[in-house]
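Structure first, commentary second.
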Amino acid sequence: MPSAANAPAAPHIAPFALRDQAGHAHAVPADAPALVVFFKDDCPTCDFAFPFLQRLSDAVPGTRVIGVSQSDAPATRAFADRHALRFAIVRDSDLEVSLACDIESVPALFLVDRHGAVLDSSVGFVRRDWERIARNAAAASGTAALRLFGDGEAIPDWRAGCASRTTDAAFQQELAVRRGRARLQSRRVEIGELEDPAEFFFERGLTDGLPVVPPTEARVLRMLSGTRRAPDEVVAVVPPNCAPTTVEKIAINAVMAGCKPEYLPVVLAAVEAACSDAFNMHGVLATTYFAAPLLIVNGPIRQRIGMNAGLNVLGQGNRANATIGRALNLVVRNVGGGRPGEVDRATLGQPGKYTYCIAENEEANPWEPLHVERGFGREDSTVTLFAAEAPRALVDQLSRTARGVVTTFGKCMETVAHHKWYRYAEVVLVLCPEHVQTITRDGWTKADIRRCIQEVSAKPLRDLLADIDGSAEGLPQRVVGDAPSEETLAQLVPKFASEESIQIVVAGGTAGKFSAVIGGWVGGSMGSQMVTKKIEE
């Protein structure tokens, strides 16, 4: 059982002068004894114990009781109101007093004389300690002996305290910055006290058009705690300016995007994938087409960081999905220089250029998930990048067979990009769970789906020629020659370059027969190819 023997070991309490919420200063040492009690609002033991401190304060007016809060102002005010506290409550806003007094648990009590010498102390709630401190407080102020607890009260002998906020990992990182122990290499930028941080980033072109989180040193250090990789490790060379980017620089942009530290490994892998030759981020930026990086996350990390693979998967509302995709685009913009109107030449663009990140619903997928098809283990966590258009609707609410549903898919997919653009490189088919159920009832595999799409979307060569239907788009006449045979013109051409060009992902809510197709940009060595990277946790 804890007792005074394991209370804070301090011959003198660290001197302090803090103000209460009315602006009155309360200092130790002063001209009278004081009982100084460190607490935080969300500690159950503090909640239990503080009514007894008010009782002591009322009974021993000669000893000042000073509550030193480690919580923010609204929480401190609510705590004081909850317990109708009438003694002084001050805030240790930067926790410097708590640090100086070596507070590791709360509530922590120090009974001090008018010189600041510690007469008694205790941590947590130990009944005999509190009874002794009450007697000593009365004696120090010349007040009659006090019984803190009544005969009929059910008071436990002991209740454990709570960890001090000084022990929080986030605070330790902030403290490292405060005391010069941080070793960040990035240039520091001071923002004036009267300057709005949000406007500062807008004015310098460091946002995607939405406000960003200011990347303070403490926040960046906290973000770096999400990976074992060294801050100065060069992760990639970022197009279009071919700027080397380190783990630290990526962490800065992840902070700005609103990421949590546990998202950082996904962002790092996404940056590596985006900056690979195969993905060709420079081309994705420079094209006037609609392309934007689509991130598809697979493996255990999806659930560990709370990604959305279900309802509204391509929409808003999930922090991990939204901020991971945004972080990648901020890295490309702020480190690589990929800004709209400069190298980014998209004619119209699309909303996915803000963020375009989903997780696959592997639990609703009866087949191999995307990353397993691409050569990784099911237990691996991966991120796949695809240079993607916006999603297009595939609606079939009436078909009750696999062939019926997939025929709908194939006929709709004829128009990806253009109804005459055939031998298309890559496409992502996002299947909703209801369509998956219909398809699997007939025992179909992914190979069956791909084969059927190629069959039903195939067109005779004659239908793909330019000007055949009034549209100048299509194959030039020279492809078939001046006098093509009927056999040549009747030759069927599949929509996609190969069955493997159709990548299948399961995602979305459990209700609604609405799937989607996401077209890509130019494929092959001259364009962008889908890239999958393993996430290092």
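In the working numbering, the protein residues as written are 197 to 733. C-beta atoms are modelled at their ideal positions from N, C-alpha and C, and glycine is treated no differently.
- In the displayed model, serine 317 falls within a strand according to three-state DSSP.
- One alpha carbon belongs to aspartate 428, the other to alanine 474, and they sit about 25 Å apart.
- In terms of Cβ geometry, histidine 222 and isoleucine 262 form a close pair [threshold 8 Å].
- Fully enclosed beta strand (DSSP E) runs of no fewer than 3 residues occupy 698-702 of the stretch 658-706, in order along the chain.
- With respect to valine 322, valine 232 sits apart: the two C-beta atoms are not nearer than 8 Å.
- Check the Cα spacing between proline 461 and each of Tyr552, Cys239 and Gly422: the tightest is with Gly422.
- Bridge pairing for histidine 222: Leu214 [DSSP].
- Shown here, arginine 647 sits in a helix according to DSSP, grouped into three states.
- In the structure shown, proline 303 falls within a coil segment according to DSSP collapsed to helix, strand and coil.
- By the CB criterion at 8 Å, phenylalanine 486 and alanine 394 fall outside the cutoff.
- For the options Lys709, Val689 and Val626, the alpha carbon positioned closest to that of glycine 715 is the one of Val626.
- Within the stretch 398-482, the alpha helix (DSSP H) runs of at least 4 residues that lie entirely inside it are, in chain order, 413-420, 443-453, 460-470 and 477-482.
- Per DSSP, the beta-bridge partners of glycine 716 are Ala584.
- Here isoleucine 299 is actually not in contact with threonine 241; their C-beta atoms are around 14 Å apart, not less than 8 Å.
- Taking C-alpha positions only, glycine 720 is separated from serine 472 by approximately 14 Å.
- Around the CB of cysteine 553, 16 or more other CB atoms lie within 10 Å, so the residue is classed as buried.
- Shown here for proline 410: same chain residues with a beta carbon closer than 7 Å to its own, the five before and five after excluded, namely Pro393 in chain order.
- For the pair isoleucine 700 and valine 623, the Cα-to-Cα distance works out to about 9 Å.
- The alpha-carbon separation between leucine 688 and arginine 619 amounts to approximately 11 Å.
- Per DSSP, the continuous alpha helix (DSSP H) segment holding isoleucine 635 begins and ends at 629-637.
- Two segments are said to touch when three or more pairs of C-beta atoms, one from each, lie closer than 8 Å; by this definition the stretch 527-537 does not touch the stretch 580-597.
- For glycine 479, the CB contacts under 7 Å within the same chain, skipping 5 residues up- and downstream, are Gly723 and Ser724 in chain order.
- Secondary structure note for asparagine 494: its beta strand (DSSP E) is the uninterrupted segment 488-494.
- Distance from the Cα of histidine 220 is smallest, within the candidate group Ala255, Asp254 and Phe283, for Phe283.
- Bridge pairing for aspartate 540: Pro536 [DSSP].
- Between the beta-carbon of cysteine 455 and that of alanine 523 there is about 5 Å, and that keeps the pair under the 8 Å contact cut.
- Two segments are said to touch when three or more pairs of C-beta atoms, one from each, lie closer than 8 Å; by this definition the stretch 558-572 touches the stretch 692-707.
- Check the Cα spacing between aspartate 243 and each of His567, Arg355, Pro225 and Arg215: the tightest is with Arg355.
- The stretch 427-446 makes no contact with the stretch 494-508, as fewer than three CB pairs between them are under 8 Å.
- In this chain, valine 233 is not harboured by any alpha helix (DSSP H); it is covered by the beta strand (DSSP E) spanning 230-235.
- In this structure, DSSP gives alanine 366 a helical state, which the three-state scheme calls helix.
- Here serine 382 carries a coil assignment [DSSP, helix/strand/coil].
- For tyrosine 550, the closest C-alpha among the options Ser577, Ile645 and Asn517 is that of Asn517.
- Fewer than three Cβ pairs drawn from the stretch 627-646 and the stretch 676-683 lie within less than 8 Å of each other, which leaves the two stretches out of contact.
- Contact check between the stretch 333-345 and the stretch 396-410: fewer than three CB pairs, one atom from each, fall below 8 Å, which does not count as touching.
- Isoleucine 387 counts as exposed, since fewer than 16 other beta carbons sit within 10 angstroms of its beta carbon.
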